[in-house]
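In what follows, a structure is listed as structure tokens, so that the remarks can point back to it.
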Amino acid sequence: TAPSEPRQALTNVKFTPVAPFLLIPRVIIYDGVCHLCNAGVKWVIDKDKDECISFCSVQSKAAEPYLIACGVGREDVLRRFIFVEGPGPLALLAAALRVASYLPFPYSALSSFLVIPAPLRDAAYDYVAKHRYRWFGRSDKCIVPSDEVLHRFVDRDELMELRENQDIDDHQSTG
């Protein structure tokens, strides 16, 4: 008998093995065009004085090893907040609360909300996530952080390239 289409499709997919111990720990994978997500990243940067948390836009190539290691796709991140603490992702509000545990007091106290049953936390998260673009807006391109914090971004090389391209576009449109 002929192989089924799904099986054939899988044989054409190239999987790249990733050693999870080679990845930077404690990385927030976020939607780089979402204004709410970017505000959240800025908030964590402001509160995380010890620089425990790093960041990576899901739209970047640098996100791929994290997504593969965690077994999640880009679409998952567009619907969920993903925190890669080590091997395996934490998603939804549990991830945000786990991030809070790395921040100084009083922000670390937010992690105590983990006692709220996951279905209630996740329902609240899903409601906000569903409406975030309408309520907070989105950009056409990933928002590039300032030079002072760029070292905290796993995808900093791509972000710097994006900034250079934006500068060229801005110069051409004003020239």
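Be aware that the sequence shown starts at -1, since it is given in this note's numbering, and climbs by one per residue. Each residue gets a CB set at the ideal place from its N, CA and C atoms; glycine is no exception.
**Message:** Between V56 and chain B, is the shortest Cβ-Cβ distance under 9 Å, so that the two count as touching?
**Reply:** Of the protein chains in the structure, only one exists, and it is not chain B.
**Request:** Answer yes or no: do R130 and I43 have a C-beta to C-beta separation smaller than 9 Å?
**Result:** no
**Asked** Straight-line CA distance for F79 to P63?
**Response** 17 Å
**Prompt:** Among the residues of its own chain, which have a CB less than 7 Å from the CB of A98, if the five just before and after it don't count?
**Reply:** Y105, S106, L108 and S109
**Message:** Measuring only the C-alpha atoms, how far is V113 from R24?
**Reply:** 22 Å
**Item:** DSSP state of C50 mapped onto helix, strand, coil
**Value:** coil
**Prompt:** What did DSSP end up calling S99 once you bin it into helix, strand or coil?
**Reply:** coil
**Prompt:** If you pair each beta-carbon of the segment 123 to 139 with each one of the segment 33 to 42, do three or more pairs fall below 8 Å?
**Reply:** yes
**For D74, the nearest candidate out of A60, E83 and V56 (CA to CA)** = V56
**Asked** What distance in whole Å lies between the Cβ atoms of F81 and I26, which are believed to be in contact at a cut-off of 8 Å?
**Response** 6 Å
**Message:** Between which residues of its own chain and A94 is the CB-CB distance below 6 Å, once the five residues before and five after are set aside?
**Reply:** F79
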